[in-house]
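As structure tokens, the structure follows; a few thoughts come after it.
Residue numbers (this note's numbering): 182 to 288.
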């Protein structure tokens with residue numbers, strides 16, 4: 182995707198929900214993908230294609246999907262400070278913290 186398509190996709194199909202804690206062994210969002218050039222658009226798109234309602238980016242390169250979140254509580258937005266490997270100008274969660282996006286199912 183180019184930057185204009187990425188921005189359009191993210192605006193149309195998702196809404197940022199905030200930063201949320203995660204832990205093991207029961208992840209807040211149970212389905213995991215990884216990508217070493219991770220972006221919010223890729224994660225939201227992957228979770229949308231898989232039919233999930235929420236996407237969470239963690240530790241710059243991890244993507245988690247699920248239908249509910251928040252089991253471990255909200256965290257300050259400053260806790261989700263890892264730069265996305267695919268776009269260093271953006272944040273993709275942090276260690277044990279997810280940047281959560283809700284996913285619209287239209288389109």
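Backbone N, C-alpha and C define an ideal beta-carbon position, used for all residues, glycine too.
Between the CA atoms of residue 213 and residue 279 - distance to the nearest angstrom: 12 Å
Buried/exposed call for residue 219, threshold 16 Cβ in 10 Å: buried
Inside the stretch 206 to 253 only - alpha helix (DSSP H) runs reaching at least 4 residues: 221 to 230
8 Å Cβ cutoff met for residue 238 and residue 273: yes
Alpha carbon of residue 245 to alpha carbon of residue 209, nearest angstrom: 9 Å
CB-CB length for residue 240 against residue 196, believed under 8 Å: Going by Cβ atoms, the distance from residue 240 to residue 196 rounds to 22 Å, so no, they are not a contact pair.
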